[in-house]
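One structure below.
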Amino acid sequence: MADLNTDVRYIKGIGEQRAKALGKLGIATLRDLISYFPRAYDDRTQLRRIADLVPGEAAGVAAMVASPPTVSHIRRGLDLVKLRAVDDTGELNVTFFNQAWLKNNLRQGETYVFYGRAEGSLFRRQMTNPVVEPEGRREVTGRIVPIYPLTAGVSQLILSRSIRQGLDACADILPDVLPDLVRRDHQLCRIEYAYENIHFPESAEALDLARRRLAFEELFLFTIGLERLRQRREVVHVPPCGQVDMEPFYSALPFTLTDAQRRCVEEALADMRSGTPMNRLVQGDVGSGKTMVAAACVFFCVKNGRQAALMAPTEILAQQHYQGLAPLLENLGIRCALLTGSTTAKTKKSITAQLESGEIDFAIGTHALITGSVAYRDLGLVVTDEQHRFGVAQRADLAAKGDHPHILVMSATPIPRTLALILYGDLDVSVIDQLPPGRQPVQTFAVTGGYHQRVYSFIRKLVGEGRQAYIVCPMVEENDELPDERKAVTEYAKKLQAEVFPDLKVAFVHGKMKPREKDAVMAAFAARETDILVSTTVIEVGVDVPNAAVMVIENAERFGLSQLHQLRGRVGRGKHQSYCILISDNQNEETRQRLKVMTRTTDGFKIAEEDLRLRGPGDFFGQRQHGLPGLKVADLGCDTLLLQEAQAAARQLLAEDPELISCPATAERIQALFTQAADTLN
Ligand code: ADP
Ligand code: MG
1 MADLNTDVRY IKGIGEQRAK ALGKLGIATL RDLISYFPRA YDDRTQLRRI
51 ADLVPGEAAG VAAMVASPPT VSHIRRGLDL VKLRAVDDTG ELNVTFFNQA
101 WLKNNLRQGE TYVFYGRAEG SLFRRQMTNP VVEPEGRREV TGRIVPIYPL
151 TAGVSQLILS RSIRQGLDAC ADILPDVLPD LVRRDHQLCR IEYAYENIHF
201 PESAEALDLA RRRLAFEELF LFTIGLERLR QRREVVHVPP CGQVDMEPFY
251 SALPFTLTDA QRRCVEEALA DMRSGTPMNR LVQGDVGSGK TMVAAACVFF
301 CVKNGRQAAL MAPTEILAQQ HYQGLAPLLE NLGIRCALLT GSTTAKTKKS
351 ITAQLESGEI DFAIGTHALI TGSVAYRDLG LVVTDEQHRF GVAQRADLAA
401 KGDHPHILVM SATPIPRTLA LILYGDLDVS VIDQLPPGRQ PVQTFAVTGG
451 YHQRVYSFIR KLVGEGRQAY IVCPMVEEND ELPDERKAVT EYAKKLQAEV
501 FPDLKVAFVH GKMKPREKDA VMAAFAARET DILVSTTVIE VGVDVPNAAV
551 MVIENAERFG LSQLHQLRGR VGRGKHQSYC ILISDNQNEE TRQRLKVMTR
601 TTDGFKIAEE DLRLRGPGDF FGQRQHGLPG LKVADLGCDT LLLQEAQAAA
651 RQLLAEDPEL ISCPATAERI QALFTQAADT LN
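Residues 1 to 682 (full-length UniProt numbering) are what the sequence shown spells out, left to right.
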């Protein structure tokens, strides 16, 4: 008797070698095997008549082999099997490369189903290397066929046959982790049906039912797991912050906060008054004014008698924050300091001492803020900017400098809200979905390489008017090697300087430079010492140069929408009309569509949704994806409604049965999914 933990070698046809190959796919047990889901399906249900084959289209035909297959040995390593097949409507010439054994398997007078791309003309139809099987077998034709991700030594057929056996062995013992009531309330099919049809769908409808059920299950378990992490966090109690008159802060600002900024501030202050540590993500498009939300929180925290720290990913960003915030906050009686890698040892010593004694209320800086020697008297609030640049561990290191300080994370990567909920695990999310008034949207154009001269003239004209330009340089892949960004940037900048803009100042920056060098180049650009900055995507991080009015992106097809949006956000930060020019010679339909989205909207959230739709969640998750427990079927781009449904069901169950006593199978699965993932998600 097999059970779910039985080794895959239990399956007929899987020995030492194949078990090893399957191991590479993460398959060791029968449970792994049957949980290895197809990445796609090929609908081979419909059969056509030979006369109805359309050259260029894939289709299946049932046809009789009319002549004995012939084998010809063309040269070493190339054998051809050829045959002629017929049905009532016509004739099909079939060629197989290097499958000489088929000569004996395909018999004259017998009918087979051939599935493949039709070629030739209406008068001479042919197929090369079709899938073939005897009529009636319906294993690889005449049905919806699963397509699995493969590895060397494992073919589609081996996998699907093994999974077939695995399902037959396990169907009756699959534990259903969805409580019956949930299953009924949400009209979800049973687990056996779902597993059967996710692998071997009886019909498109059956596949939909199976997919829906499995996606729901994943999102349901995932939500319960997250909710429990969140509950664990809320067990910590901290002294609640007291009320603070915020009026002095608001009236010190040179502008009025937008409604969206106000809402975010209020949400954050409510957290800090609640008696449990704040753990909040503020999401807002570039230029939406996240810094001032952070400043309001800092004001609130310091007026509560505690210290605050703001950590930025680069030295120059830290400096910008310091220059922007210190004058404002100092005026309000808050003592500020800047602490970065280039702070002299002497200054650092004095700042450290003052942080420890409490003479400094607010420290702005880089990683330097979390180095070992730095201690705070009473760190009450930790703000990190551009969250995606920091590892979770670094955020935790800074938090460890205080006793459960409040945490505010600022991110300029707009992501759809449902995704944020999953991506940021147990953070609460505030969204600044409004830009300060009076911003002129960046005008965006998508053009081909043929426009280079015009683009250069345009840059020259703007520089003539006193503006500055960014150019994200082209990256050419040479002989399949990864492009060398240093070489690409340097050469392109040299060429521009020598041949196109000899009279202007062209500078460049790339990721291989030392942080010091990079910061120096950025600082010179910010100080208007250079006119044109050629770079890779390192400028993606939120450096503020309001005078820059044009962003040119070469090979725009290489970037995802969200990344393009991020790059575009470098311009349009001042009072000047700004422009973004996307250059691409790529004619691919999807690429053209993506670039068009950029020219039509400047709304980061819309763009993020579009990106999610076009490319799936992989790009948002990046590295973190590995930490997401058990999301295999659920498509975060499309299953938003299902996610909401699953979340509601999960919360209801938790409200009624917080310890999941009524459904041990559910509890057990969540335990298994979350033991490893808990660190990543926190
Ligand atoms: P980001 O969200 O990209 O970090 P910033 O906080 O840097 O945006 O703000 C961008 C610019 O907008 C800054 O120059 C800031 O002073 C200005 N700003 C912020 N809030 C407002 C507002 N409510 N009205 C006008 N300007 C604002
Ligand atoms: Mg910012």
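Don't be surprised by glycine CBs; every beta carbon is placed ideally from N, CA and C.
Nearest-angstrom Cα separation, counted from residue j out to residue i
i: Asp52; j: Ile158; result: 32 Å
i: Ile11; j: Ser160; result: 12 Å
i: Gln56; j: Asn129; result: Looking at the sequence itself, residue 56 is Gly, so the reference to Gln does not match. Taking the straight line joining both Cα atoms gives about 14 Å.
i: Ala118; j: Ile50; result: 10 Å
i: Glu356; j: Leu642; result: 50 Å
i: Ala353; j: Asp32; result: 56 Å
i: Glu386; j: Leu229; result: 24 Å
i: Leu310; j: Ile370; result: 11 Å
i: Thr89; j: Gln156; result: 32 Å
i: Asn197; j: Ala206; result: 6 Å
i: Val463; j: Ser288; result: 26 Å
i: Ala2; j: Ala28; result: 14 Å
i: Gln108; j: Phe114; result: 15 Å
i: Arg306; j: Asp259; result: 27 Å
i: Lys20; j: Glu557; result: 39 Å
i: Val244; j: Met292; result: 17 Å
i: Phe249; j: Gly333; result: 11 Å
i: Thr413; j: Ile607; result: 11 Å
i: Thr6; j: Ile147; result: 24 Å
i: Gly23; j: Ser35; result: 14 Å
i: Arg75; j: Phe97; result: 12 Å
i: Thr276; j: Glu227; result: 16 Å
i: Gln17; j: Leu25; result: 13 Å
i: Glu465; j: Leu269; result: 44 Å
Proximity of residue i and residue j at Cβ, strictly below 8 Å
i: Met127; j: Leu92; result: yes
i: Glu554; j: Val472; result: yes
i: Asp433; j: Phe605; result: yes
i: Pro405; j: Leu427; result: no
i: Thr45; j: Arg143; result: yes
i: Ala498; j: Val534; result: no
i: Ser162; j: Gly13; result: yes
i: Leu398; j: Ala294; result: no
i: Val509; j: Leu496; result: no
i: Val177; j: Ala665; result: yes
i: Ser430; j: Cys301; result: no
i: Met278; j: Asp271; result: yes
i: Thr536; j: Gly511; result: yes
i: Pro201; j: Ala194; result: no
i: Ala58; j: Glu135; result: no
i: Leu253; j: Phe299; result: no
i: Ala524; j: Val543; result: no
i: Cys170; j: Leu4; result: yes
i: His199; j: Leu174; result: no
Spatial neighbours of residue i in its chain, beta-carbon cut-off 7 Å, leaving aside the 5 residues before and after
i: Ala646; result: Phe216, Leu219, Phe220 and Thr223
i: Glu359; result: Arg335
i: Leu339; result: Lys348, Ile351, Ala363, Gly365, Ala368 and Leu369
i: Glu315; result: Thr340, Gly341, Ser342, Thr366, Pro515 and Asp519
i: Ala100; result: Val71, Asp79 and Val81
i: Gly242; result: Asn304
Beta-bridge partners of residue i, as assigned by DSSP
i: Lys82; result: Thr70 and Thr95
i: Val552; result: Ile471 and Ile581
i: Asp168; result: Partner(s): none; Asp168 has no beta bridge.
i: Leu339; result: Gly365
i: Asp87; result: Gly90
i: Thr151; result: Val154
i: Asn279; result: Ile407
i: Leu47; result: Gly60
i: Gln307; result: Leu379
i: Ser535; result: Val472 and Val509
i: Asp32; result: Asp32 is not bridged to any residue.
Test: residue i CB closer than 8 Å to a CB of chain C
i: Val447; result: Within the model displayed, chain C is absent; a lone protein chain is all it includes.
Cβ shell of residue i (< 6 Å), same chain only, five flanking positions each side left out
i: Arg9; result: Ala19
i: Leu631; result: Glu218
Sequence-distant residues of the same chain with beta carbon closer than 8 Å to residue i, five excluded per side
i: Ala375; result: Thr352, Leu355, Glu356 and Lys401
- Task: State whether the region 544-552 contacts the region 454-473, with contact taken as three or more CB pairs (one from each stretch) at a distance under 8 Å.
- Result: Per the Cβ contact rule, the region 544-552 is in contact with the region 454-473 (3 or more Cβ pairs under 8 Å).
- Answer yes if the region 363-373 comes into contact with the region 313-322, meaning at least three C-beta pairs across the two stretches below 8 Å, and no otherwise. Yes: at least three Cβ pairs fall under 8 Å.
- Message: Does the region 135-154 come into contact with the region 73-80, if we say contact requires no fewer than three beta-carbon pairs (one atom in each stretch) closer than 8 Å?
- Response: No, because fewer than three Cβ pairs between the region 135-154 and the region 73-80 fall closer than 8 Å, the two stretches do not touch.
- Message: Would you call the region 573-588 in contact with the region 435-454, where contact means no fewer than 3 C-beta pairs closer than 8 Å?
- Response: The region 573-588 and the region 435-454 touch, with no fewer than 3 CB-CB distances between them shorter than 8 Å.
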